[in-house]
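Visitor: Protein sequences appear in the order of chains H and G.
Counting from 14, one number per residue, gives the positions in the first sequence under my numbering.
Counting from 7, one number per residue, gives the positions in the second sequence under my numbering.
Cβ atoms here follow ideal geometry from the backbone N, Cα and C, with glycine treated the same way.
The structure's right below; bear with me while I get my questions together.
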Amino acid sequence: MLKTLSDLVPNVFLAMLLAAAAIMAFATVNALFLVWLERKVSARMQRRYGPTVVGPFGMFQTLVDVVKLLSKQLISPKDIDKPLYHLAPIVVFVPVVLGLSLFPIDKSFALVDTNVGLVLVFAFAGMGFIAIFMAGWGSNNKYALLGAMRAVAQNIAYEIPLILAALAVTMIARSMRIADIVEAQGSFPYILVQPIGALIYYISAVAETNRAPFDIPEAESELVAGFHTEYSGMRFALFFLAEYTNMVIVSMVATSLFLGGYKGPLLPGPVWFFGKVYFLIFVMLWLRWTFPRLRFDQLMTFAWKVLIPLALANLLVTATVLKVMS
Amino acid sequence: MLTNYLPIVVVFAVAGGLGIALLIIARLIGPSRPNPTKMQPYEAGLEQSAPPRIRFHAQFYRVALLFLVFDIEAAFFYPWAVMFRDLSCKGSLNAAGKCTAGATPFGMLVMVAFLAILLLALVFVWRRKALEWD
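Written out as structure tokens, the structure is:
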């Protein structure tokens, strides 16, 4: 039986506060770690050292950066759309933190366990696009607006193959509860039966996180910083935090749907779960320094003309095979 | 059942609270020395040349419309995908997911009909070059 936190701690309210605190702590520490990792990995891939000064291997560099960001002036440019501009960092931050709570990290433990877990993950991911457009529209800056429009067009285009790829897994597992999907992957992970689905999912997921080679919304050589051009200090930090937490979420979905989640021999469940998650994140960093940025028209055509037909075909083939086998 | 979702509400509140708190802390400990040049929208060092809230390229509307169609389609796929193996079986499925009574083409037929209409639509917009980006 899957335990959630409310089963372990008798006082419901205390349990939920604990859970919220744990998730926050994880989101923060994870973002600090990932920013450091990104710098270190990109440095190594370019034959540099990366941060080395603060702490062992420069690990506390990002911590110092946070202190810097906290103590910086919050600049609000003139003629901004005040409510949108000020709300956007909060709206981008909250749903990614919510998304983190939905995954079973061990056979017997998930913070929130619902039978529509997968739907919720995609719903929370969808809230992020609204925040991006709020930021872009509210900023009164042409780079921000262009970046936001590209980001939204790209995200909605890649959301469709993402969902369709996940649905093929749902058909096999007969459930949208993430814990059920992981459990249904008895002795072999679904990547073996759904290789195309897994590939479609991963490509779309990288595009959803707006990372290279799909980082057109914030292509620094054309759009400065895209939708967060006008955000500085802590507001920028919230966007950054959300971006790195988003990488974790899409990797957690991929791990749960295609790589068997917490399953694996010998080592305990959470080790396997986070091992797989961080491996997928490492691949994302690796992609960034391997592939050049796509052009916007290539990006959109790829989604509509390749990924979506492929995902629909994958769905149809899955249905046919399941039909024949049953 | 609904208590399942309570933790989400709490996390929602705590996350929002933390976000706002961080911004307030930053406002309190950070300096605040605005001046007209600093408040200018960033435009690579130049004065803002034109109001930035320009008209979008019509292509973005096209993408939005197509997205609506396909996303609603995906929403219709959700229940079907969960129930597909049950819909393909006259009886109920056993624990291993095997069909206990005879098979029925119902689930497959329903979906193929739905999918065919959508694929037709995709082919149509493709042929009409609505997917081209210029």
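Bridge partners of residue 99 (chain G), per DSSP?
Guide: Paired residues: G:105.
Visitor: So residue 118 (chain H) is in the beta strand (DSSP E); what residue range does that whole segment cover?
Guide: Counting along the chain, the beta strand (DSSP E) containing residue 118 (chain H) begins and ends at 117-119.
Visitor: Going straight from the alpha carbon of residue 17 (chain G) to that of residue 132 (chain G), what length do you get?
Guide: Distance between the alpha carbons of residue 17 (chain G) and residue 132 (chain G): 43 angstroms.
Visitor: Between the Cα of residue 285 (chain H) and the Cα atoms of H:294, H:186, H:295, H:274, which residue gives the shortest distance?
Guide: Per the Cα distances, H:274.
Visitor: Please report how far the alpha carbon of residue 334 (chain H) lies from the alpha carbon of residue 84 (chain G), in whole angstroms.
Guide: When rounded, the distance between both Cα atoms is 19 angstroms.
Visitor: Do residue 336 (chain H) and residue 114 (chain G) have their C-beta atoms closer together than 7 angstroms?
Guide: In this structure, residue 114 (chain G) lies closer than 7 angstroms to residue 336 (chain H) by Cβ.
Visitor: Just curious, the alpha helix (DSSP H) that residue 65 (chain G) is in, first and last residue?
Guide: Note, residue 65 (chain G): alpha helix (DSSP H), 64-93.
Visitor: Applying the criterion that 16 or more other CB atoms from any shown protein chain within 10 Å of the CB defines a buried residue, is residue 62 (chain H) buried or exposed?
Guide: So residue 62 (chain H) counts as exposed.
Visitor: Measuring CB to CB, does residue 90 (chain H) end up less than 7 angstroms from residue 47 (chain G)?
Guide: It is a contact, given that the beta carbons lie within the stated cut-off.
Visitor: Against chain H, with Cβ distances strictly below 7 angstroms, would residue 1 (chain G) count as a contact?
Guide: Only positions 7 to 140 of chain G appear in this structure, which leaves residue 1 (chain G) out of reach.
Visitor: Look at the alpha carbon of residue 79 (chain G) and the alpha carbon of residue 314 (chain H), and state the distance between them as a whole number of angstroms.
Guide: The straight-line gap from Cα to Cα measures roughly 20 angstroms.
Visitor: Could you check what DSSP says for residue 14 (chain H) in three-state terms: helix, strand or coil?
Guide: Reliability fails at residue 14 (chain H), whose pLDDT of 46 lies under 50, so the model's placement of it is uncertain and the value that follows must be treated cautiously. In the structure shown, residue 14 (chain H) sits in coil (DSSP, three-state: anything other than H, G, I, E or B).
Visitor: Please decide whether residue 66 (chain H) counts as near chain G, where near means a Cβ-Cβ distance under 7 angstroms.
Guide: By this cut-off, residue 66 (chain H) is not an interface position.
Visitor: Drop a sphere of 10 angstroms on the beta-carbon of residue 303 (chain H), count the other beta-carbons inside from all chains shown, and report buried for 16 or more, exposed for fewer.
Guide: Under this definition residue 303 (chain H) is an exposed residue.
Visitor: When burial is assigned at 16 or more other CB atoms within 10 Å of the CB, is residue 126 (chain G) buried or exposed?
Guide: Exposed, since its Cβ has fewer than 16 Cβ neighbours within 10 Å.
Visitor: Consider the Cβ of residue 111 (chain H): report whether some Cβ of chain G lies at a distance smaller than 7 angstroms.
Guide: Yes - at least one Cβ of chain G is within 7 angstroms of the one on residue 111 (chain H).
Visitor: Is there a C-beta anywhere in chain H that falls below 7 angstroms from the one on residue 88 (chain G)?
Guide: For residue 88 (chain G), the answer is yes, since a Cβ of chain H falls inside 7 angstroms of its Cβ.
Visitor: For chain H, find out if any of its Cβ atoms is closer than 7 angstroms to the Cβ of residue 94 (chain G); answer yes or no.
Guide: By this cut-off, residue 94 (chain G) is an interface position.
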